[in-house]
Amino acid sequence: VSHSRKRTPKEQALYGRIAIAKSGLQHMVAQPTPTFALRSDSEREIRNSVDWSETAVYGEHIWFETNVSGDFCYVGEQNCVSKMLQKPMSKRKCAACKIVVHTPCIEQLEKINFRCKPSFRESGSRNIREPTVVRHHWVHRRRQEGKCRQCGKGFQQKFAFHSKEIVAISCSWCKQAYHSKVSCFMLQHIEEPCSLGAHAAVVIPPTWILRVRHPQNPLKSSKKKKRTSFKRKSSKKGPEEGRWKPFVIKPIPAPLMKPLLVFVNPKSGGNQGTKIFQSFMWYLNPRQVFDLSQGGPKEALELYRKVHNLRILACGGDGTVGWILSILDQLRLNPPPPVAILPLGTGNDLARTLNWGGGYTDEPLSKILSHVEEGEIVQLDRWNLQVDPKPEGNLEEKDETATDKLPLDVFNNYFSLGFDARVTLEFHESREANPEKFNSRFRNKMFYAGTAFSDFLMGSSKDLAKHIKVVCDGTDLTPKIQDLKPQCLVFLNIPRYCAGTMPWGNPGEHHDFEPQRHDDGCLEVIGFTMTSLAALQVGGHGERLHQCREVVLTTSKAIPMQVDGEPCKLGASCIRISLRNQANMVQKTKRRNSMPVLNDQQPIPERLRIRVSRIGMHDYEALHYDKEKLKEAYEIGTQGNCLFYYSFILIQEGDGAKPKTLSCQKLSPKWCFLDYPELVRTQTVGTSAMPDLVDVPSTPTKQHLPLPISPPSTPNNDFSKFKELHRAGKDLMMRDPTGQTVLHHAVKSGSKEIVKYIIENAPAEILDVAEENGETSLHQAAALRQRTICHYIVEAGASLMKTDLQGDTAKHRAEKANDPDLAAYLENRQHYQMIQREDQETAV
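Sequential numbering of the sequence shown, starting at 1, is according to full-length UniProt numbering.
Right, dumping it as structure tokens:
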């Protein structure tokens, strides 16, 4: 068919059948051929990790061994080596696109022209001119969950397990799936841009990652000028900064994005990390997922250091989190990216403190990504440990196994000495000697319990108080410690300790001390006897000794110590503890899991009678923040001919008796107000109904919109001129140098008419656009206590989970503006958005 004319429907259907059904295995679109760095077959290796070298292959698969039965080899019967030899062979699965092939058949994928989803783009001149959009990566599936995006019907799974028939065509990026037939998978789907799916806000697009040519080996000789400038630029830098790297990151500013880097420690928590590492490559770009056992996090953080609004997900124990925070200190990123936690370790006390839980239990990673995106940014105190060895210590008891420095010079959770450190040290030494015996979180905990019981019988830490001196903020605690005779001393930064216990006690039990926080710049000093240690696991707590900002600890002999779970035996020393800095962390937002029971927690009766009263739009906008006045408005009675109305529902038990007069019934103290914003957006509005929708315009301020509007004499003139400018072709999405949109300026001016007009006529993206300081228009409206404007923006679909650079949501801004009613409204709508989003999540 000639490409110079448009295809007829019959030709298009025929072309689609050829593309979909010719063999059922070819890739939908031929991948662009890499301009260089292709390996020959003899040099090719089966990779199980991302290749960051200059020889990286465009669209290379990432293979892991699998024992999946029932999945046919993706290359098809004609090219399958196992089928031709009639011999079972090992299989491998690609983590990024989830195809399964026999190991000898990997080379056959070239014959059917099927590459993995591309994780980067070339920086050649041709590619630079190409539009920076991501295309779908279509893959044929014999098994597929969910429903077809086109027809809405489920995929037939009954005979698909052993069937050779292609059931679906799905995209490895956005996870959209269609039936493998022309009526569902249209031809236009092949070339259309990909949205990157439900987690597009955290996915780093492959268009951001560029492979660059080596300056000494350019593709064309005409690049001499650029080579010279590169050398001149690099000569001014140090050896590390001037070193050429084959990949660079060129982020495209996007206010709604929160790009994510995932660091996985495969050794944490009984080797759970390997499975999670593979799963994240499926949900994200493989080049944003890193294995910490392959060199650590430093190079990845350096590579992505210029990405705006970056977030980090640390998959491991508290030690993994501390490692990443220390590297962030070294790199001095400004601002430092906030760190979220997927707990894989044994203790996970920091993860518990930030609501991430005590351990990963196979929760869908799709929900984990949503939590990371929506999480609130909080601060975490970090503390320096400065050690000065004391050679004048007790030489008679000198221990040859003791060291003169701690394993870490900073801690985030706790620093302790005595009994708990001794148990941890024995566990650590045993795991180093026999790592194969510690591949389960349950086994690790059992070993801890056995070692603790053994040390308890030996009484190895009973003389701790005789060999230490503690001074907190100038106050000598030594006499108090000697009276207590603790076997363990803990300097605690977070409320959790020892796999979830609360050694400082529950809030409200502190009496003479301030409430414990992880961002107040204070440490809690706690002493434990064997009795209080035993009671700790059943809700007890230690002896509260002090809250301080600086500690000087002096020891006179070698004592077991641990820093965030990293143990050692430290010789006689003087240790100074002081505040280092505060790290940005992502705290998981708690979701409301169930709706409260109505009628003061009484069971809902079987028979219900529902009363609905209607409120006019004008009354609603004026009174919906005051429940008492709203109730009076309904009792007075609203005419039933209003076009827009909002309803509240009172549910009462029907006792079978003669119904009472509804007007005589009193509202329950817990009456519920339900609004229906969809009615406002979908009803057909006549011009006669419009006056009922218009509020009394507020007095304009001296601030004006970025559009060239002369100062008006009246608000109505201002609104009219604004509409005229828009109709004349002015762009509502334009932004000023500070990143503010016309909606930001309209909110500042207080013009409700202009705000409503912008919401109705601008793209929905304008609602969540943030300026330089991270404020959206909803943040500004909440700070200015503009209740009706807040209502307009929220009901139009603005996100209530977005935070500014200070970590504040719109609700927080309303609280700071001393408007508790507005804050309560925003919090209620925020809960509704979170529940609605959780209900819409579907597994693919």
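Beta carbons are placed, not taken as given, at the ideal position from N, Cα and C, and that holds for glycine.
Nearest to residue i (by Cα), restricted to the options the options
| i | options | result |
| --- | --- | --- |
| Ile-99 | Phe-72, His-189, Ile-276 | Phe-72 |
| Lys-485 | Asn-493, Phe-528, Gln-833 | Phe-528 |
| Glu-376 | Val-339, Ser-366, Ala-764 | Val-339 |
| Thr-346 | Phe-263, Lys-267, Cys-80 | Lys-267 |
| Val-410 | Ala-583, Asn-761, Lys-756 | Ala-583 |
| Leu-331 | Asp-318, Leu-303, Pro-343, Cys-315 | Leu-303 |
| Leu-344 | Arg-305, Gly-295, Ala-300, Gln-272 | Gln-272 |
| His-726 | Asn-761, Ser-751, Asp-736 | Asn-761 |
| Asp-362 | Gln-150, Asp-512, Ile-276 | Ile-276 |
| Ser-90 | Cys-97, Ser-82, Arg-549 | Ser-82 |
| Glu-425 | Cys-105, Trp-208, Ile-559, Gln-150 | Checking the sequence shown, residue 425 turns out to be Leu, not Glu. It is Ile-559 whose Cα lies nearest to the Cα of Leu-425. |
| Pro-255 | Ala-200, Gly-295, Asn-265, Arg-305 | Ala-200 |
| Gly-571 | Pro-88, Arg-549, Pro-407, Ala-96 | Pro-407 |
| Phe-185 | Lys-87, Gly-474, His-140, Arg-213 | His-140 |
Same chain only: Cβ atoms within 8 angstroms of residue i, ignoring 5 sequence neighbours per side
| i | result |
| --- | --- |
| Val-29 | Unreliable placement is indicated for Val-29, whose pLDDT of 46 sits below 50; the coordinate value is still reported in the next sentence. Here the set comprises Arg-135, Trp-138, Ile-190, Glu-191. |
| Glu-514 | Asp-520, Cys-522, Gln-547 |
| Val-202 | Met-257, Lys-258, Pro-259, Leu-260, Leu-284, Arg-311, Leu-369, Val-372, Glu-373 |
| Glu-827 | Lys-811 |
| Leu-767 | Leu-743, Ile-759, Thr-776, Ser-777, Leu-778, Ile-793, Ala-796, Gly-797, Ala-798, Ser-799 |
| Ile-46 | Trp-63, Arg-92, Thr-103, Ile-106 |
| Pro-253 | His-308 |
| Ser-293 | Asn-265, Pro-266, Lys-267 |
| Leu-385 | Leu-406, Leu-408, Asp-409, Val-410, Phe-411, Phe-415, Val-563, Ile-575, Arg-576, Ile-577 |
Within 9 angstroms, strictly: CB atoms of residue i and residue j
| i | j | result |
| --- | --- | --- |
| Leu-536 | Pro-567 | no |
| His-518 | Thr-353 | yes |
| Arg-785 | Ala-746 | no |
| Gly-418 | Leu-365 | no |
| Gly-505 | His-541 | yes |
| Ser-556 | His-467 | yes |
| Arg-496 | Asn-413 | yes |
| Leu-301 | Leu-350 | no |
| Arg-787 | Asn-581 | no |
| Thr-809 | Val-769 | no |
| Phe-263 | Gly-317 | no |
| residue 850 | Trp-356 | This structure does not reach residue 850, given that the chain is present from 1 up to 844, and the question cannot be answered. |
| Val-378 | Gln-587 | yes |
| Ala-95 | Pro-286 | yes |
| Arg-544 | Val-525 | yes |
| Asp-329 | Ser-49 | no |
| Pro-763 | Met-734 | no |
| Gln-780 | Met-801 | no |
6 angstroms Cβ shell around residue i - same chain, five flanking residues per side excluded
| i | result |
| --- | --- |
| Cys-498 | none |
| Leu-553 | Val-470, Ile-575 |
| Gln-108 | Val-75, Asn-79 |
| Ile-204 | Pro-259, Asn-285, Gln-288 |
| Lys-223 | Residue placement at Lys-223 cannot be trusted, given a pLDDT of 42 that sits under 50; the coordinates are not used to answer. |
Supposed contact pair residue j and residue i - C-beta distance, whole angstroms, cut 8 angstroms
| i | j | result |
| --- | --- | --- |
| Lys-405 | Val-423 | So it is not a contact: roughly 21 angstroms between Cβ atoms. |
| Arg-142 | Glu-165 | 7 angstroms |
| Leu-817 | Ala-782 | As written in the sequence, residue 817 is Ala, which differs from the Leu given in the question. Indeed they touch by this definition, with Cβ atoms about 7 angstroms apart. |
| Lys-739 | Glu-771 | Note that residue 739 is Gly in the sequence shown here, rather than Lys. Contact holds; Cβ gap of about 4 angstroms. |
| Ile-169 | Ser-180 | 5 angstroms |
| Cys-174 | Cys-194 | 5 angstroms |
| Gly-319 | Asp-476 | Incorrect: roughly 33 angstroms between the Cβ atoms, too far for contact. |
| Phe-719 | Ser-751 | 7 angstroms |
| Cys-472 | Val-538 | No, Cys-472 and Val-538 are not in contact; Cβ-Cβ is about 29 angstroms, not under 8 angstroms. |
Neighbourhood of residue i by C-beta distance below 7 angstroms, restricted to the same chain and skipping five residues each side
| i | result |
| --- | --- |
| residue 863 | There is simply no residue 863 to check, as the chain begins at 1 and stops at 844 in what is shown. |
| Thr-33 | Any reading at Thr-33 is ruled out, since the residue's pLDDT is 44, under 50, leaving its predicted position unreliable. |
| Thr-401 | Lys-569 |
| Asn-773 | Asp-804, Leu-805 |
| Lys-250 | Trp-208, Leu-210 |
| Ser-279 | Leu-365 |
| Gln-144 | Phe-155, Val-167, Ala-168, Ser-170, Ala-177 |
| Gly-807 | Glu-376, Ile-377, Val-378 |
| Cys-664 | Because Cys-664 carries a pLDDT of 39, less than 50, the predicted location of this residue cannot be relied on, and the following value inherits that uncertainty. So the list is empty, once near-sequence residues are dropped. |
| Ile-494 | Asp-349, Leu-350, Thr-353, Asn-413, His-518 |
| Ser-53 | Pro-246 |
Cutoff 9 angstroms: residue i Cβ touching any chain C Cβ
| i | result |
| --- | --- |
| Gly-527 | Chain labels in this structure do not include chain C; a single protein chain is all it has. |
| task | Determine, using beta-carbon pairs with one atom in the region 101-120 and one in the region 49-62, whether at least three such pairs fall under 8 angstroms. | result | yes
| Stretch pair the region 243-251 + the region 311-329: three plus CB contacts closer than 8 angstroms | no
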